[in-house]
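Chemist: Please find one structure pasted underneath; my questions will follow.
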Amino acid sequence: MRKYFEKLAQIDRRIIYLILFLTVLLPYLFKISLPMKPLPEVVQAYKEIDQLPPGSVVMISIDYDAASMPEVQPMLYAILRHCFSKNLKVVMLGHWPLGIPLGVTALNEVAKEYHKKYGVDYVFLGFRPGLAAVIINMGKEIRSVFAEDYWGTPLDSLPMMRNVHTYDDIAVIVGLEAGSVGDAWVQYAQARYNAKIILGGTAVVAPDWYPYLQSHQIVGLIGGLRGAADYENLVHHKALAYYGMTPQAAVHILIVIFIILGNLGYIALRRRK
Amino acid sequence: MAQVFWTWVAAFLTLAIFSFLYKDNPFYKFAEHIYVGSSAAFWLVYLWYFDIKPKLIDAWRMNTGLEKYILIIPAILSVFILLRFIRPIAWISRWAIAFTVGMAAGLGITANLQGFLVPQIQATFLPVWVPSHNFWHSLGLSVNNWILVIGTVVTIFYFYFSKEHKGTLGALSRAGIVFIMIAFGASFGYTVMARISLLIGRVYFLIHNWLHIV
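Protein sequence lines correspond, in order, to chains A and B. Position one of the first sequence corresponds to residue 1 (our numbering), numbered consecutively onward. Position one of the second sequence corresponds to residue 1001 (our numbering), numbered consecutively onward.
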């Protein structure tokens, strides 16, 4: 038995990579899917948007880029589908310049699906540098930061924006994050202006937001691919994240097995020494 | 046609990066250098079009009076920063750094106090017993509150370094370590999920967008 563990401890790491790759690939090829029960914090986020009356304005902030796309982009699609199906209006902006094309693509695609009109049902503000200053000044007047939309149209000439000036005119802010911008939304928009905030983001940053959820500084949390899959499930539009959860679960089981084997191998080798 | 071309480019670069898992090779180096070069070019263009041009050059042209002349201060400070490269007068760059640090500290202190510390302290003022329609439900909620308060207190004790961690303080700080380790474990678990999600995203791209297998 000990010899077996010793051999296992010397296994080529490339074999582990290959097993990992196959564990991700095979569930896709055999179209295996697992049942899932949405997490309470995702249900909370869903309900917060779901209860808004038609015509309410939802602000979505694109604070991620292509490196976090597999986790966060499905959230964006699911939230946009939810908003447009409820006839909510969407104002989108971003604090990560490289994420702007991702926001534009998703917004145009989903708006087309629901026959929504630019300037009437949704607006894209684009990006401005100066994170804290942008968030603080939008609390006083959005136009002080974004006098024009992404394509240079003055905000007042867009019908949807005529009565949207501060966070008071926005029902909920959804921050889609891959870094620390979520903290800035909470610390500036929520703490100073009492804005309602939902945070969605990569699984790396999501654990840091549970204290915000417990203290009611945010009204919902969508964490990682699992959170995105839950949201897709809730809006009855299963897509990338939902089908990605089976490989995810398979790899998690594999990693647990690796950790157990690794520790057994370590103990066996230590005893020999 | 253009989309097919770019999908092939993306697939090639993905495989080139993955090839590093086998061993370092020219394909990996090629993809790595493209990434570094395009990132550097992007940030250079970004700094010009989002910072220097609109906030300094255009603002100088468009504004009048105080709003125009106050721009001299950030312009001078940005020149000071560049003086780091001239050794005899490199010390002047510290003025610009001091300005940035002061501003960031001012913003950070108020934001952390108002948006993090005070609300988080408030959130630990929880009822010892949570009344509910069902005893076991009440007990569950109440135990949650106790864990949260005890966890917060013992973790703070772990970071109290003015006295040796012995006796009661030692026991409390050891309990604090348990809570910290549980938090690290949760973070690690989430990080594994994040990294695997990225792999899932790339594998899906390869088999769906590129090879059209699924």
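Positions of the beta carbon are idealized from the N, C-alpha and C atoms, including for glycine. Source: prediction; values computed, not measured.
Where are the alpha helix (DSSP H) runs, 4 residues long or more, that stay fully inside the segment 199 to 272 of chain A, in chain order?
Modeler: Entirely contained in the segment 199 to 272 of chain A, the alpha helix (DSSP H) runs reaching 4 residues are, in chain order, 210 to 214, 224 to 234, 240 to 272.
Chemist: Classify H82 of chain A as buried or exposed, calling it buried when 16 or more other Cβ atoms lie within 10 Å of its own Cβ.
Modeler: That one is buried.
Chemist: Under the three-state reduction of DSSP, which class applies to E148 of chain A: helix, strand or coil?
Modeler: Strand at E148 of chain A.
Chemist: Suppose you measure from the CA of I135 of chain A to the CA of L26 of chain A; what does that come to, to the nearest Å?
Modeler: Each residue's Cα considered, the two are about 44 Å apart.
Chemist: Comparing alpha-carbon positions, which option in A:G224, A:K112, A:G94 lies nearest P129 of chain A?
Modeler: Nearest C-alpha to P129 of chain A: A:G94.
Chemist: Pull out every residue of the segment 1017 to 1028 of chain B whose Cβ sits closer than 7 Å to any Cβ of chain A, in chain order.
Modeler: So the list reads L1021, Y1022, given in the order they occur along the chain.
Chemist: From A:N108, A:V172, A:N233, pick the residue whose C-alpha is nearest to that of P53 of chain A; which is it?
Modeler: Closest option to P53 of chain A, Cα to Cα, is A:V172.
Chemist: In terms of alpha-carbon separation, which member of A:N108, A:I259, A:Y28 lies closest to I16 of chain A?
Modeler: Nearest C-alpha to I16 of chain A: A:I259.
Chemist: My assumption, with CB atoms under 8 Å, is that L221 of chain A sits in contact with L199 of chain A. Please give the rounded CB distance.
Modeler: With 8 Å as the limit, L221 of chain A and L199 of chain A qualify as a contact, their Cβ atoms being about 6 Å apart.
Chemist: Which residues of chain B have a Cβ atom closer than 8 Å to the Cβ of S215 of chain A, listed in chain order?
Modeler: Under the 8 Å cutoff, chain B gives P1119, Q1120, Q1122, A1123.
Chemist: Going along the chain, which unbroken runs of the alpha helix (DSSP H) with 4 or more residues stay wholly within the segment 68 to 133 of chain A?
Modeler: Listed in chain order, the complete alpha helix (DSSP H) runs (minimum 4 residues) inside the segment 68 to 133 of chain A are 69 to 85, 100 to 113.
Chemist: Enumerated in chain order, which unbroken segments of the beta strand (DSSP E) with a length of 3 residues or greater are wholly contained in the segment 1 to 29 of chain A?
Modeler: Segments of the beta strand (DSSP E) lying fully in the segment 1 to 29 of chain A: there are none.
Chemist: How far does the alpha helix (DSSP H) with M59 of chain A in it reach, from first residue to last?
Modeler: It is not in any alpha helix (DSSP H) - M59 of chain A instead sits in the beta strand (DSSP E) that spans 57 to 63.
Chemist: Just curious, the beta strand (DSSP E) that G175 of chain A is in, first and last residue?
Modeler: 172 to 177 is the span of the beta strand (DSSP E), which, as asked, contains G175 of chain A.
Chemist: Which of helix, strand or coil does DSSP assign to I1213 of chain B?
Modeler: Note: I1213 of chain B maps to coil in three-state DSSP.
Chemist: When you check each C-beta in the segment 244 to 268 of chain A against every C-beta of chain B, which residues fall closer than 8 Å?
Modeler: Flagged, chain order: G244, P247, Q248, V251, H252, I255.
Chemist: List, in order along the chain, the chain B residues whose C-beta lies closer than 8 Å to that of G224 of chain A?
Modeler: By Cβ distance, chain B contributes Y1190, M1193, A1194, S1197.
Chemist: Ignoring anything shorter than 4 residues, give me the alpha helix (DSSP H) runs that lie fully in the segment 1095 to 1183 of chain B, in order along the chain.
Modeler: Qualifying alpha helix (DSSP H) stretches, in chain order: 1118 to 1122, 1135 to 1158.
Chemist: Helix, strand or coil, according to DSSP, for I1017 of chain B in the structure here?
Modeler: Here I1017 of chain B sits in helix by DSSP.
Chemist: Use the C-beta contact count for Y4 of chain A: other C-beta atoms within 10 angstroms, 16 or more gives buried, fewer gives exposed.
Modeler: Its Cβ having fewer than 16 others within 10 Å, Y4 of chain A is exposed.
Chemist: Per DSSP, I197 of chain A is paired with what?
Modeler: Its beta-bridge partners are A:I173.
Chemist: Using a C-beta cutoff of 8 Å, does I1073 of chain B count as contacting chain A?
Modeler: No, no contact with chain A.
Chemist: Near S180 of chain A, which residues of its chain fall below 6 Å by C-beta distance, leaving aside the five closest residues on each side in sequence?
Modeler: If we look at S180 of chain A and ignore the five residues flanking it on each side, it has no Cβ neighbours.
Chemist: Under 6 Å Cβ to Cβ from A229 of chain A, same chain only, skipping five residues before and after it: list those, please.
Modeler: Around A229 of chain A: A241, Y242, M245.
Chemist: Determine whether the beta carbon atoms of V43 of chain A and L234 of chain A lie at a separation below 8 Å.
Modeler: Closer than 8 Å, so yes.
Chemist: Below 9 Å between beta carbons is the criterion; list the residues of the segment 58 to 85 of chain A that meet it against any residue of chain B, in chain order.
Modeler: Per Cβ criterion, the list reads A67, S68, M69, P70, E71, Q73.
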